[in-house]
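Heads up: the structure comes next, in structure tokens.
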Amino acid sequence: MLSNLLRNNEAWAQRMEQERPGFFKVLSAQQTPDYLWIGCSDSRVPANEIVGLLPGEIFVHRNIANQVIHTDLNCLSVLYYAVEYLKVKHIIVCGHYGCGGVKAAMENGDYGFIDNWLRHIKDTYQLNVEELQQLDEPARFDRLCELNVIRQVQHVSQTKVVQRAWQQGRELAIHGWTYAIEDGRIRDLHVDINSQEQIAAIYQLPPLAK
Ligand SMILES: [Zn+2]
Numbered sequence: 437m438l439s440n441l442l443r444n445n446e447a448w449a450q451r452m453e454q455e456r457p458g459f460f461k462v463l464s465a466q467q468t469p470d471y472l473w474i475g476c477s478d479s480r481v482p483a484n485e486i487v488g489l490l491p492g493e494i495f496v497h498r499n500i501a502n503q504v505i506h507t508d509l510n511c512l513s514v515l516y517y518a519v520e521y522l523k524v525k526h527i528i529v530c531g532h533y534g535c536g537g538v539k540a541a542m543e544n545g546d547y548g549f550i551d552n553w554l555r556h557i558k559d560t561y562q563l564n565v566e567e568l569q570q571l572d573e574p575a576r577f578d579r580l581c582e583l584n585v586i587r588q589v590q591h592v593s594q595t596k597v598v599q600r601a602w603q604q605g606r607e608l609a610i611h612g613w614t615y616a617i618e619d620g621r622i623r624d625l626h627v628d629i630n631s632q633e634q635i636a637a638i639y640q641l642p643p644l645a646k
């Protein structure tokens with residue numbers, strides 16, 4: 437059943453090696469990506485392809501509706517490894533318009549177990565309810581996709597590993613983008629955070645002990 441995928445893989449590996457002799461040998465020794473991508477699991481939003489990066493160039497975490505939740509050990513472990521060991525310089529939270537997770541969160545449906553995950557997006561809705569209620573349905577959906585990204589950018593900035601990196605004087609910026617499935621274009625939301633001073637006081641860690 438899956439033989440076509442394995443054939444694809446064989447062809448891809450051969451093509452890569454022809455175009456870039458030694459590519460896999462070099463990669464097998466190390467990875468030094470400058471970027472961490474936190475995106476949606478949606479099959480239409482593949483990280484490497486849409487920013488034109490090769491294997492080895494971007495570290496990737498994806499989950500439903502690109503959430504960064506303070507108790508999600510999976511996401512936090514990826515973030516920790518990327519910042520502490522890979523020393524990435526940029527963390528990109530990339531959501532997308534038409535996100536099924538965001539759409540489901542806007543409704544009052546019963547989606548079973550996943551409702552627990554979607555509730556975080558409902559929180560974002562409720563935090564911005566006044567702005568969202570002034571919009572018509574399509575605009576409200578688009579805007580919630582953006583607000584969801586903006587909130588996850590804030591969540592990344594509030595983590596200990598990111599704040600410690602800044603305190604050590606390291607260059608590290610968090611960016612918020614949304615991707616449009618209709619035309620393949622990324623929109624920069626211009627919500628970059630690159631210093632501890634930009635975080636609300638309640639989340640700020642104390643200075644490093646001397
Ligand atoms: Zn999505």
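Take 437 as the starting number for the sequence shown in the numbering used here and just add one per residue. Even glycine gets a Cβ: it sits at the ideal position worked out from N, Cα and C.
- Counting every other CB atom within 10 Å of its CB across the protein chains shown gives residue 537 a total of 16 or more, marking it as buried.
- Between the region 472-480 and the region 490-505, the count of Cβ pairs shorter than 8 Å is three or higher; the stretches touch.
- Here residue 472 is bridged, per DSSP, to 495 and 527.
- Distance from the CA atom of residue 457 to the CA atom of residue 534, rounded to whole angstroms, is 40 Å.
- Residues of the same chain with a CB within less than 7 Å of the CB of residue 516, apart from the 5 flanking positions on each side, are 597 in chain order.
- CA-CA distance, residue 469 to residue 610, rounds to 15 Å.
- The beta-carbon separation of residue 635 and residue 594, rounded to 6 Å, stays under the 8 Å limit for a contact.
- Within the same chain, and ignoring the five residues on either side of residue 602 in sequence, the residues whose Cβ sits closer than 7 Å to its Cβ are 608, 631 and 632.
- Rounded to whole angstroms, the gap between the alpha carbons of residue 450 and residue 616 is 32 Å.
- Judged by the Cβ position, residue 440 fails to qualify as a neighbour of ligand 1 at the 8 Å threshold, every heavy atom of the ligand being at least this far.
- With a cutoff of 9 Å on beta-carbon distance, residue 494 and residue 484 are scored as near each other.
- Within the model, the alpha-carbon separation for residue 586 versus residue 639 is close to 16 Å.
- Around the C-beta of residue 612, 16 or more other C-beta atoms lie within 10 Å, and the residue is accordingly described as buried.
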